[in-house]
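Before any comments, here is the structure.
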Amino acid sequence: MPEIQTHAPADPTGERPKRSLIQYVRDTQVWGSIFRHGPPSNDRNRALAIITNVFLHLHPVRVRKSGIRLKYTWCMGGVTFFLFIVETITGLLLMFYYRPTLEYAYTDIWDLREQVPLGVMRELHRWGAHAMVIAVWLHMFRVFMTGSYKPPREFNWNVGVILLVLTLLLSFTGYLLPWDQLAIWAITVGSNMARATPFVGHEGPGAALLKLGDVNLVTIGSDVRFALLGGRFVGAGALLRFYVLHCVGIPLVVGTLIAVHFWRVRKDGGISGPL
Amino acid sequence: MAAAKAAAVAAARPAGATVLKSGIGEVVYRPSAQAETMTRRSFFNWLSLGWISFTAAMGGMVTAATRFMFPNVLFEPPSTFKAGRPAEYAIGKVDERWKESYGVWLVRTDEGFYALSTTCTHLGCTPNWLGAENKFKCPCHGSGFYPTGINFEGPAPRPLERYKITLADDGQLLIDKNVKFQQEKGQWESPGAFLTFSA
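Line by line, the protein sequences give chains A and B.
According to my numbering, the residues represented by the first sequence are 1 to 275, in order.
According to my numbering, the residues represented by the second sequence are 276 to 474, in order.
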């Protein structure tokens, strides 16, 4: 292994050697402190470029030729991740105008469309959400059809299934935020299903068994649906809780699991090859 | 000669020292002064205590965080309300004045009153009272109910629920939404499901 030369050798004539601009930048302390290896002109430095970078190290060092064939992967995992980034950025921008209260929620959405510059921002967020749900299903379909869930990738399949559910929950919680009739009734219908949760839903099987003397412990005011809505029906509490879950709670979990998901693709041997 | 030297080295060793022989000589492990204060058994006792405390603390925090999600005060309409005097209601009419604020239809028949829940038994939407067609019709999935609350069309699996209705001491109608009566359980015959009243 030849010694990696990071600085120009001293010139015996005393003249400063001519250096290109790229070489000059590479010799600065700033560059050297960020990239702690030479230019990626050999296998070792190419590998170092990946594994010393927190973002790139999640990605496999080597990718099979088949792994980047569009016909094989459809790039649906990548598209899903791209849409997640789009949703994060557009969602962050929407948060500057949207207030999750009964008084303002509906009119703020209206305001975002009619008054705020780039009124299409909210639509971008909505279209991106629809596209992300479609892409994540197609990604799952591809992984299933190529048998990429098989050992040693079972764990990552399960992480992916959780990410799918979380994507649907992001869609569901975001659905309420416009606070129009469609939103309120969709969430009313959706959250009523939680009434039937075994033991912790007040209309679910086993809920009647949980009582202290004559007092039912699981009631409409103390079951899992109540915890989700912050009330007995879809009202101010539900709007705020769904907003917090949509903007902070679920994205934090999704972001963490995405990192695990990518890292396990690498650790489980990269993108699976064609069967 | 060698034996005498080894004896001299051994004599210089402190009490309690352990000697390990290796290829390049002897390594002497001498317990520190503090080592006497903790035995293996007491170490594990403390370790167990530590883990039990940690588990209890985590359990307490999870319990507290769960409890945090259940507020003590709700900013929702009260579940019991007075609906005015019986004379204010026309016989044979479905009255909608409490629909918006309390989610209740008051129905006055020849014999008396009953209070219907405005929550559709299919998926929880609010049906509309269509006076011309003499029925409740849910806009979500098309469930239909007779004025009695009995379902007759659409996906609703059971009749609308009734709330407890009585006469308060001051002569006003009193509706208690905490008590509900379901027809399919035979509860509409129970006291409170129907208020017999004749003016």
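All C-beta atoms, glycine included, are put in the ideal place defined by N, C-alpha and C.
If the cut is a Cβ gap below 8 Å, which residues of chain A does E351(B) touch?
-> G231, R232, F233, G235
Limits of the unbroken beta strand (DSSP E) element including Y277(A) = Since the first and last residues shown for chain A are 1 and 275, residue 277(A) lies out of range.
Please confirm if G417(B) has its CB atom under 8 Å from at least one CB of chain A.
-> no
Counting only runs of 3+ residues fully inside the region 360-396 of chain B, write out the beta strand (DSSP E) ranges in chain order.
-> 379-383, 387-392
Taking 8 Å as the CB-CB limit, is S33(A) close to chain B?
-> no
7 Å CB neighbourhood of T441(B) in its chain, flanking five on each side removed | L449, G467, L470
Three-state class that DSSP yields for F411(B) in the structure shown = strand
Please name the residue in G270(A), A259(A), S272(A) whose C-alpha comes closest to that of V54(A).
-> A259(A)
With distances taken Cα to Cα, identify the nearest neighbour of R126(A) among I109(A), P60(A), M193(A), G190(A).
-> I109(A)
Partner residues on chain B for A227(A), Cβ-Cβ distance less than 9 Å = T341, M344, F345
CB-CB under 8 Å to G119(A), same chain, minus the five flanking residues each way: which ones, in chain order?
-> L112, R113
Which class does N426(B) belong to by DSSP, given the choice of helix, strand or coil?
-> strand
Listing by chain order, which chain A residues have their CB less than 7 Å from the CB of L398(B)?
-> V189, N192
Please state whether DSSP places L324(B) in a helix, a strand or coil.
-> helix
What does DSSP give as the partner residues of I450(B) in its beta bridges?
-> F356(B), I440(B)
Would you say V382(B) touches the ligand GTP, meaning its beta carbon is less than 7 Å from a heavy atom?
-> This structure lacks the ligand GTP; in fact it carries no ligand of any kind.
Identify whether W127(A) lies in helix, strand or coil by the three-state DSSP scheme.
-> helix
Any 3 or more C-beta pairs closer than 8 Å across the region 71-90 of chain A and the region 124-143 of chain A | yes
Which residues of chain B have a Cβ atom closer than 7 Å to the Cβ of W185(A), listed in chain order?
-> C400, C415
Using the beta-carbon of each residue, which ones in chain B are nearer than 7 Å to S222(A)?
-> F345
List in chain order: all unbroken alpha helix (DSSP H) runs of 4+ residues lying wholly within the region 171-219 of chain A.
-> 181-192
Nearest residue (CA-CA) to L102(A), options F155(A), G269(A), L176(A), G213(A) = L176(A)
Alpha carbon of V253(A) to alpha carbon of F420(B), nearest angstrom | 44 Å
Of the residues Q457(B), S307(B), A390(B), R383(B), which one's Cα is nearest the Cα of A365(B)?
-> R383(B)
Decide yes or no for the touch test of the region 207-215 of chain A against the region 309-327 of chain B: beta carbon pairs closer than 8 Å, at least 3 of them.
-> no
According to DSSP, residues forming a beta bridge with W404(B) = F411(B)
Does T394(B) have its Cβ less than 8 Å from a Cβ in chain C?
-> You won't find chain C in this structure, because its protein chains are A and B.
Residues in its own chain within less than 6 Å of T173(A) by CB, not counting five upstream and five downstream?
-> F242, L245, H246
Three-state class that DSSP yields for G419(B) in the structure shown = strand
Mind checking whether F456(B) and E436(B) have CB atoms under 8 Å apart?
-> yes
Pick from I51(A), V25(A), K18(A), G77(A): whose alpha carbon is nearest that of I271(A)?
-> G77(A)
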